[in-house]
Structures are given as C-alpha cells and as structure tokens.
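Taking it in order: structure first as structure tokens, then the write-up.
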Amino acid sequence: MDSIIFDVDGTLWDSTDSVARSWNLAIQENSSLDLTITENALQQVFGKTMTEIADTLFSRLPEKERIKLLEVCFQYENRYLETHPGKLYDGVTDTLAVLSGQYPLFIVSNCQKGYIEVLLRTCSLEPFIKDHLCFGETQTSKGQTILSLMKRNGLKNPVYVGDTRGDADACAEAGIPFIFAGYGFGDVPDAKMRISKFTDLKDFVFQF
Numbered sequence: 023m024d025s026i027i028f029d030v031d032g033t034l035w036d037s038t039d040s041v042a043r044s045w046n047l048a049i050q051e052n053s054s055l056d057l058t059i060t061e062n063a064l065q066q067v068f069g070k071t072m073t074e075i076a077d078t079l080f081s082r083l084p085e086k087e088r089i090k091l092l093e094v095c096f097q098y099e100n101r102y103l104e105t106h107p108g109k110l111y112d113g114v115t116d117t118l119a120v121l122s123g124q125y126p127l128f129i130v131s132n133c134q135k136g137y138i139e140v141l142l143r144t145c146s147l148e149p150f151i152k153d154h155l156c157f158g159e160t161q162t163s164k165g166q167t168i169l170s171l172m173k174r175n176g177l178k179n180p181v182y183v184g185d186t187r188g189d190a191d192a193c194a195e196a197g198i199p200f201i202f203a204g205y206g207f208g209d210v211p212d213a214k215m216r217i218s219k220f221t222d223l224k225d226f227v228f229q230f
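Note that the working numbering has the sequence shown beginning at 23, numbered continuously upward.
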C-alpha cells in the first residue's frame, strides 16, 4: 500500500442536516416544487453521481430542469456549509494526523466542485490531504475519477475507504482494495475489509 483515498459523506463526516436545510431553501426560492428533502432521503443518494441524484429527487421536473435546480442546490449548500459545517466522525482529525505521517492521503467523491474544499477548510483538515478530485471536476464514474487521481499523483497501490456499495463498485472498477466504513450510510455485506469506527484505521492499515 502506498496511499489511502477517502470518501467524504458517511466516511469523514455527516453533513446531512446542513445539506437538507440548504437544499430546502434553494427549492423554496428557485422552484415551484412542493418538496421537502429529508435527511434520510439525502443519505439514500449520498455517493451517487449528480445526475443520479437529480433523477431521484427531482423526477417530477423535466430532465434539463432537474440538473439546473440541483446546481442551485449545490451553490446554496457550499455557502451554507461555510458557517454550518458537517460533523466529523469521532477521531477523524487525530487519525488523519497519524496516518498522514505514514502515507499520503487523498479524497475522491461524487460531489460538486467546492464541497471537498469546504470540508477541508471548515474542519481544518487541509494539512493532512495531499490532493482531491470529484465528479464535478471529471464528470466520470467514481472508479474513473479514482484512476484519474491515481495517475495525477503517480499512485500504484492505494486503498479506498468508503461506506456504500457504490464505493465498493468504484474500487472494483479501479482495481484497488476497498475498506468498508460500517458506521456510515450504506451497507456492503460482502466487504472483505471493514472498520466499525474511523479510529480503527490507525491499526488496520498498518497490517498491509
């Protein structure tokens, strides 16, 4: 193993409350939809691509309007998170500090541009993360985004830590090992490697 790549939502932090609040304000101010986005609804779509999220949550709108509204939601979200950031899972900061002394650390997410930057800035994680890439930048599958980040940073044997089936599938596409964060939003019962809390990584990865 030469590096560790992390997912964001359900792996490093939980931002569902703030995201739901910002999206509902965006929907209210920019559409005629009678729709309230719940935290549970968001947890079901975290990890999916932007197009898949729009199709799931805004199915009552024409396709072009779905993406347009979603982009507005993302704008509201990024601004709201600056003052109402998500909550890091227990031990994330300390664990990243330890791991960054042994391996270069990265983030790959299916999120919009600016989201990872808000996480790093508001939670003071910038010193620990060497690089990051997201769907908003690549417009490709998560597996391909992982491969793009690997190529950009010359990574040969990374592992990926995530919490959903989509993360596991992305690792299979990229041909890298997957560590399932069992405390997150998804379920991957066939995951060969798993952690029950983020701090488990301090001991887990040193077994490689």
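No residue lacks a Cβ here, since even glycine has one placed at the ideal position from N, Cα and C.
Taking a contact to mean a Cβ-Cβ separation below 8 Å, would you say residue 220 touches residue 112 in this structure?
yes
Helix, strand or coil, according to DSSP, for residue 149 in the structure here?
When secondary structure is reduced to three states using DSSP, residue 149 falls in the helix class.
Have a look at 82, 117, 72, 107 and flag the residue whose alpha-carbon is nearest the alpha-carbon of residue 95.
72
Where are the alpha helix (DSSP H) runs, 4 residues long or more, that stay fully inside the region 27-92, in chain order?
38-52, 61-67, 72-79
What three-state label does DSSP hand residue 207 in the structure shown?
coil
Check residue 224 in the structure and name its three-state DSSP category.
In this structure, residue 224 counts as helix in the three-state DSSP scheme.
Taking DSSP as the reference, what is the three-state secondary structure of residue 109?
strand
What does DSSP give as the partner residues of residue 200 in its beta bridges?
182
Go to residue 122, then tell me how far its alpha helix (DSSP H) extends in each direction, as first and last residue.
For residue 122, the enclosing alpha helix (DSSP H) starts and ends at 114-122.
Taking residue 170 as part of the alpha helix (DSSP H), name the residues at either end of that continuous run.
164-175
Are residue 168 and residue 27 closer than 8 Å when you measure CB to CB?
Yes, they are a contact pair.
Looking at C-beta atoms only, is the number of pairs between the region 31-43 and the region 183-203 that lie closer than 8 Å three or more?
yes
Taking buried to mean at least 16 other C-beta atoms within 10 Å of its own C-beta, is residue 39 buried or exposed?
Counting Cβ neighbours within 10 Å, residue 39 comes out exposed, since fewer than 16 surround it.
Suppose you measure from the CA of residue 81 to the CA of residue 165; what does that come to, to the nearest Å?
26 Å
Could you pull the DSSP bridge partners for residue 138 from this structure?
According to DSSP, which records beta bridges pairwise, residue 138 is partnered with nothing at all.
CB-CB under 7 Å to residue 120, same chain, minus the five flanking residues each way: which ones, in chain order?
224
Starting from residue 131, trace the beta strand (DSSP E) both ways and give me its first and last residue.
127-131
If you drop the 5 nearest sequence neighbours on each side, which residues of the same chain put their C-beta closer than 8 Å to that of residue 83?
Here the set comprises 53, 55, 91.
So is residue 149 buried or exposed if we call it buried at 16+ other beta carbons inside 10 Å?
exposed
With DSSP as the reference, identify every bridge partner of residue 156, one or two as the case may be.
131
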